[in-house]
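**Student:** One structure is given below, represented as structure tokens, and several questions about it will come after.
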Amino acid sequence: MLEARAFEPEFLSKLDRLVLGIKRARTVRAGQRALGRIQGLGIEPENFKEYAAGDDLRFLDWNAFARLDDLMIRTYRAERQVEITTLIDASASMGLPERDDKLGLGLAIGASLAYIGMADNDAVRIGAFAMRRGAMKLETTPLHRRRESYLNFKPFVMSVRAGGETRLGAAVDQLLLQRRPTGVVVLISDFLVSDGETEDAIRRLVAARHDVKVVHVMGEQESTGAYPPGLFRVRDAETGEIRETIFGPETAAACARKVAEIGDRVREVCKSHAVTYAQAFGANNLETFMEREMPLFGIVR
Numbered sequence: 682m683l684e685a686r687a688f689e690p691e692f693l694s695k696l697d698r699l700v701l702g703i704k705r706a707r708t709v710r711a712g713q714r715a716l717g718r719i720q721g722l723g724i725e726p727e728n729f730k731e732y733a734a735g736d737d738l739r740f741l742d743w744n745a746f747a748r749l750d751d752l753m754i755r756t757y758r759a760e761r762q763v764e765i766t767t768l769i770d771a772s773a774s775m776g777l778p779e780r781d782d783k784l785g786l787g788l789a790i791g792a793s794l795a796y797i798g799m800a801d802n803d804a805v806r807i808g809a810f811a812m813r814r815g816a817m818k819l820e821t822t823p824l825h826r827r828r829e830s831y832l833n834f835k836p837f838v839m840s841v842r843a844g845g846e847t848r849l850g851a852a853v854d855q856l857l858l859q860r861r862p863t864g865v866v867v868l869i870s871d872f873l874v875s876d877g878e879t880e881d882a883i884r885r886l887v888a889a890r891h892d893v894k895v896v897h898v899m900g901e902q903e904s905t906g907a908y909p910p911g912l913f914r915v916r917d918a919e920t921g922e923i924r925e926t927i928f929g930p931e932t933a934a935a936c937a938r939k940v941a942e943i944g945d946r947v948r949e950v951c952k953s954h955a956v957t958y959a960q961a962f963g964a965n966n967l968e969t970f971m972e973r974e975m976p977l978f979g980i981v982r
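Convert by adding 681 to the 1-based position in the sequence shown; the result is the number in our numbering.
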């Protein structure tokens, strides 16, 4: 169970030097998102504005008055903590093939990003979603801010099991119905859904003014098609559909092409909505992904 790795001291020590790539210094203008900083009383000067009745006289800039013979107020940017949600697909497809431990990989990445997010005392929570008995089940942990409380995530993470159908749109609906403040949403999934469903889910998160980051997880066996040759009866884990197929070199190559096509499709959707996209293929690559590839994608730095 790869998710347990995310709570091992040796592994966490490697994450200590990383921080989430959150754009905290966005100037607030009409029609733009503002995450992490708001105009107000702070320590970092941001701009000037003309004095108006009622402005705090403590912020008059006398140097500007001497030069311009005009009363100017200095404005500042104040730090604001960001709410971070790592949202993990726990549908049945995330549990197969079993040897790939794809769900464990997604949970380990989600928990690792939560740990990294706590470096700045941001409010962090972990969520998992899947359709169960015809209804969307989205479960989230309470919010935690300090790394001293990180181990409180462990019981939740270790209890998640794969099952049910993937419904990205329904999961986003439930998340948005919670009316949480604008923040960062890291969506972790294999994205084995229709083209329209992926785009609709991402588009609505962006429209709700969240800073969205997408991590695409796949198993090594399914991404390479490295199945033993022979005749197989394959059952769809989510729909129950059964199909007979013969696995050989051509089928393996077709599987690899299909995974590449899915990755290209999700990447293009993210690009069209200015969303950060990263691939994490293969559970054996967890540490390399977190330490080397995540910084390249800008999810952490």
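The beta-carbon is built from N, C-alpha and C at its ideal position, and this holds for glycine as well.
None of the values given here were measured: they were computed from a predicted structure.
What's the C-alpha gap between ARG860 and GLU901?
**Tutor:** Approximately 37 Å between the Cα atoms of the pair.
**Student:** Straight-line CA distance for MET839 to ALA792?
**Tutor:** The alpha-carbon atoms of MET839 and ALA792 are separated by roughly 11 Å.
**Student:** Based on DSSP bridge pairs, tell me the residues matched to GLY911.
**Tutor:** Paired residues: PHE928.
**Student:** Quick check: what's the CA-CA separation for ILE927 versus GLY911?
**Tutor:** So the alpha carbons of these two residues sit roughly 6 Å apart.
**Student:** Run through DSSP, which three-state label would GLY808 get?
**Tutor:** Strand, per DSSP.
**Student:** Determine which residues share a DSSP beta bridge with GLY701 and list them.
**Tutor:** For the record, residue 701 in the displayed sequence is Leu; it is not Gly. LEU701 pairs with VAL981.
**Student:** What is the DSSP secondary structure of TYR831, reduced to helix, strand or coil?
**Tutor:** Note: TYR831 maps to helix in three-state DSSP.
**Student:** Could you tell me whether the segment 944–963 touches the segment 863–879, using the rule of 3 or more Cβ pairs below 8 Å?
**Tutor:** Yes, the segment 944–963 touches the segment 863–879.
**Student:** Does DSSP classify TYR958 as helix, strand or coil?
**Tutor:** Reduced to three states, the DSSP call for TYR958 is strand.
**Student:** Taking LEU977 as the reference, give the member of ALA907, MET775, ALA959, ALA789 with the closest Cα.
**Tutor:** With distances taken between Cα atoms, LEU977 lies closest to ALA959.
**Student:** Quick check on MET775: buried or exposed, where buried means 16 or more other Cβ atoms within 10 Å of its Cβ?
**Tutor:** Counting Cβ neighbours within 10 Å, MET775 comes out buried, since at least 16 surround it.
**Student:** Would you check if there are 3 or more beta carbon pairs closer than 8 Å linking the segment 796–816 to the segment 696–705?
**Tutor:** Taking 8 Å as the limit for Cβ pairs, the verdict is that the segment 696–705 does touch the segment 796–816.
**Student:** Using 10 angstroms around the beta-carbon of GLU684, count the other beta-carbons present and answer buried if the total reaches 16, otherwise exposed.
**Tutor:** Flag for GLU684 reads buried.
**Student:** DSSP three-state call for GLU689: helix, strand or coil?
**Tutor:** Note: GLU689 maps to coil in three-state DSSP.
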